[in-house]
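By the count of the numbering used here, the sequence shown reaches residue 312 at its end, each step adding exactly one.
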Amino acid sequence: LMAHPNANGFLGARGFAGGIPHAYTHIARKFYNKIDKLGLHDRIRMHEYQREGWTFHAKGLWYYPPDSKLPTMTMVGSPNFGYRSVDKDLETQITIVTRCPELQGQLHQEQKNLLDNCNSVNHQEFDKEERKVPLWVKMFVKGA
Numbered sequence: 169l170m171a172h173p174n175a176n177g178f179l180g181a182r183g184f185a186g187g188i189p190h191a192y193t194h195i196a197r198k199f200y201n202k203i204d205k206l207g208l209h210d211r212i213r214m215h216e217y218q219r220e221g222w223t224f225h226a227k228g229l230w231y232y233p234p235d236s237k238l239p240t241m242t243m244v245g246s247p248n249f250g251y252r253s254v255d256k257d258l259e260t261q262i263t264i265v266t267r268c269p270e271l272q273g274q275l276h277q278e279q280k281n282l283l284d285n286c287n288s289v290n291h292q293e294f295d296k297e298e299r300k301v302p303l304w305v306k307m308f309v310k311g312a
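See below:
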């Protein structure tokens, strides 16, 4: 679960900051293509949060074991997994692993509530004209 560019607080910002939503799109597309190439769409699904007038900074990750309708693990917080976030910035996240059916049900419901304002990511989404990533952003992301 990630922010749609329209829910990114940097959308329309001046200078390099304005490229941040495009950078997320570029990275997400590369990840989507890898999932596609490996045939993992049945195990990994990508969704983008988009709600009129809202921004979305959190990211979501839930693990559902095979043949389970409830998650056994989730990550809470605003984790970024890049070098800067891991080694430089102060960001907080916690991983919850549980076998408690009540807590699993609550985690599942929270995910469902978030997904009510999401769209599934697919090739058509990335092919939209407004999702075209400027060349300078692609070059910057590759060098980062």
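Where is the CB? At the ideal position from N, CA and C, for every residue including glycine. Quick caveat: nothing in here was measured; it's all calculated off a predicted structure.
Non-local C-beta neighbours of T240 in its own chain, meaning closer than 8 Å and more than five positions away in sequence, comprise Y231, Y232, P233, V265, T266, R267 and Q272, ordered along the chain. Looking at the DSSP output, Y217 sits in a beta bridge with A171 and C286.
The Cβ atoms of V289 and A191 lie no closer than 8 Å to each other.
Here H291 is exposed: its Cβ has fewer than 16 other Cβ atoms, across all protein chains shown, within 10 Å. In summary, F224 is buried, with 16 or more beta-carbon neighbours lying within 10 Å of its beta-carbon over all protein chains present. Of the candidates Y217, P173 and I212, Y217 places its Cα closest to the Cα of N287.
The beta carbon of H194 sits closer than 8 Å to the beta carbons of V301, V305, K306 and V309 from its chain, once the five residues preceding and following it are set aside; these are given in chain order.
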